[in-house]
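Start counting at 1 in the sequence shown, then tack on 452, and there's your number in our numbering. For each residue, glycine too, the CB sits at the ideal point set by N, CA and C.
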Amino acid sequence: RKLPLIEAIVLVIHVFAFFGILVTLWVLSPRADAKAVFTQFSDGGGWNSIGGSTLVGILAGVLPLLGADAAVHMSEELHDASRTLPRSMIMTTLFNGAFGWIMVITYCFCIGNLEEVITSPTGQPFMQVFYNSTQSVSSATAMASVIVVMIAFSNLTMVSTSSRQLFAFARDQAIPFSAWFSDVPAGWDAPINAILVTFLISSLLSLINIGSAVALNSITSLATTGLLSSYMVSIGCMIWRRCTKSPLLPSKFSLGRWGLAINIISEAFLVLIFVLAFMPGNPNPTASQMNWSILIYGSVVLSSLVYYVFSGTHRYEGPVAYVRMLVQ
453 RKLPLIEAIV LVIHVFAFFG ILVTLWVLSP RADAKAVFTQ FSDGGGWNSI
503 GGSTLVGILA GVLPLLGADA AVHMSEELHD ASRTLPRSMI MTTLFNGAFG
553 WIMVITYCFC IGNLEEVITS PTGQPFMQVF YNSTQSVSSA TAMASVIVVM
603 IAFSNLTMVS TSSRQLFAFA RDQAIPFSAW FSDVPAGWDA PINAILVTFL
653 ISSLLSLINI GSAVALNSIT SLATTGLLSS YMVSIGCMIW RRCTKSPLLP
703 SKFSLGRWGL AINIISEAFL VLIFVLAFMP GNPNPTASQM NWSILIYGSV
753 VLSSLVYYVF SGTHRYEGPV AYVRMLVQ
């Protein structure tokens, strides 16, 4: 019940912190030449092609914009969700996309010696940029701390939405131990079991980084490819219905006559990003540099198909059946 208040407070901090860091970099950092920022390109991955290097590097700009659908998974707890959610998703993407673009341009102007930043003893290039700008450990630490706090609150929101997904799947009898995961204790109005399990698994996964950063990156990359897959399936279904002239469900938000064109462009871009998400960072990776996400993704898809064929298909009812049961 306090989550909306917390998120509102964090939003205010986010906006003020953004401008605080932005102004600090503008005022204190040595700035690069505009021509170097906008017209000079480098192949840092060893692809021997600016185009290839750009395609692999484009993921860095896509990942921050993923997850705009997070609020959808809590739609049952929102008032007039069919009208509010689409608008909030679009505004969130535009708002953060604009902020991100401004910060990236600023970062490119203020980054200084690229090699020094990449090999920073802090392990995080942005921290080195903060230090180079302020020439003060305490100031750089304060600026970096704000980002860490924002990430922590982002994780809070991710746990909230992920637990609702787990709860929804359990309610539809789509996963093992569905009755336990879908239980909502009296007086709580929230799936406590799903929330606790989501939080526990997320916390345990973060500990993998102590033993192997490669293993952690491979596992967490599943979130990226999983989100892209869900987007492609959803938009693909819309393209199919529009092309076959099938009636769409009534809604309070519509893309109108531009719907099919927007869907096709979105699907094409998602397919491209989906393929690139499995690419390694350089053309000749070692075992520690290899992008193992294709192995993790394939294993999850295969195990899910096996579970569905031998168990899920006999129990899964789906959200439509659940809604019909409530209506009756």
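Which of the three DSSP states, helix, strand or coil, is assigned to residue i?
i      : result
Ser585 : helix
Pro699 : coil
Ser494 : coil
Ala642 : coil
Thr738 : coil
Gly733 : coil
Asp521 : helix
Glu769 : coil
Asn661 : helix
Asn461 : Checking the displayed sequence, the identity of residue 461 turns out to be Ile instead of Asn. Ile461: helix per DSSP, three-state reduction.
Pro482 : coil
Asn500 : coil
Asn548 : helix
Leu652 : helix
Ser850 : The question about residue 850 has no answer here: the residues shown for the chain are numbered 453 through 780.
His531 : coil
Trp553 : helix
Lys487 : helix
Asn743 : coil
Ile510 : coil
Going by C-alpha distance, which of the options is nearest residue i?
i      : options                           : result
Phe790 : Ala646, Leu712 and Val524         : Given a span of 453 to 780 for the chain in the structure shown, any question on residue 790 remains unanswerable.
Ser751 : Ser591, Ile563, Ile671 and Arg767 : Ile671
Asp485 : Met543, Asn669 and Ile563         : Ile563
Leu515 : Leu722, Met526, Asn736 and Leu754 : Leu722
Cys689 : Ile627, Trp710, Asn715 and Lys704 : Asn715
Ile627 : Arg483, Leu757, Ile458 and Val462 : Leu757
Ile746 : His531, Phe493 and Pro732         : Pro732
Ala667 : Trp744, Ser572 and Trp632         : Trp744
Ile461 : Ser540, Ser606 and Thr536         : Ser606
Ala604 : Pro699, Ser658, Leu700 and Val524 : Ser658
Gln576 : His766, Phe561, Val649 and Ala596 : Ala596
Ser703 : Leu474, Thr536, Leu463 and Leu455 : Thr536
Ala720 : Val685, Trp632, Ala631 and Ser527 : Val685
Gly496 : Leu566, Leu530, Val524 and Thr476 : Leu566
One question on the structure: do residue i and residue j come within less than 9 Å of each other, judged by their Cβ atoms?
i      : j      : result
Leu680 : Leu507 : no
Val789 : Ala469 : This structure leaves residue 789 out entirely; the chain is present only between 453 and 780.
Arg616 : Pro637 : no
Leu480 : Gln580 : no
Leu707 : Cys695 : no
Ile725 : Leu546 : no
Ser781 : Ala622 : What the structure shows of the chain is the stretch from 453 to 780, and residue 781 is not part of that stretch, so it cannot be assessed.
Ser655 : Ser614 : no
Val489 : Phe582 : no
Ile465 : Val601 : yes
Gly513 : Gly552 : yes
Phe584 : Val569 : A small fix is needed here, since residue 584 is Asn in this sequence, not Phe. In this structure, Val569 lies closer than 9 Å to Asn584 by Cβ.
Val556 : Met541 : no
Below 8 Å on the Cβ atoms is my contact criterion, and I expect residue i with residue j to pass it. Report the Cβ-Cβ distance as a whole number of Å.
i      : j      : result
Asn734 : Gly498 : 5 Å
Tyr759 : Asp624 : Not really, about 14 Å apart at Cβ, beyond 8 Å.
Thr544 : Trp478 : Contact doesn't hold; Cβ gap of about 25 Å is too wide.
Ser534 : Phe651 : Contact doesn't hold; Cβ gap of about 29 Å is too wide.
Arg709 : Leu700 : The pair is not a contact, with the Cβ atoms about 13 Å apart (cut-off 8 Å).
Thr609 : Ala520 : Actually they do not touch by this definition, with Cβ atoms about 12 Å apart.
Leu648 : Tyr749 : Rounded, the Cβ-Cβ distance is 27 Å, inconsistent with contact.
Worksheet item: In the region 565-641, which residue ranges form an unbroken beta strand (DSSP E) of at least 3 residues, counting only runs that do not cross its ends?
Response: none
Discussion item. My parser needs the alpha helix (DSSP H) runs of 4 or more residues fully inside the region 671-697; what are they?
Written reply: Listed in chain order, there is nothing to give.
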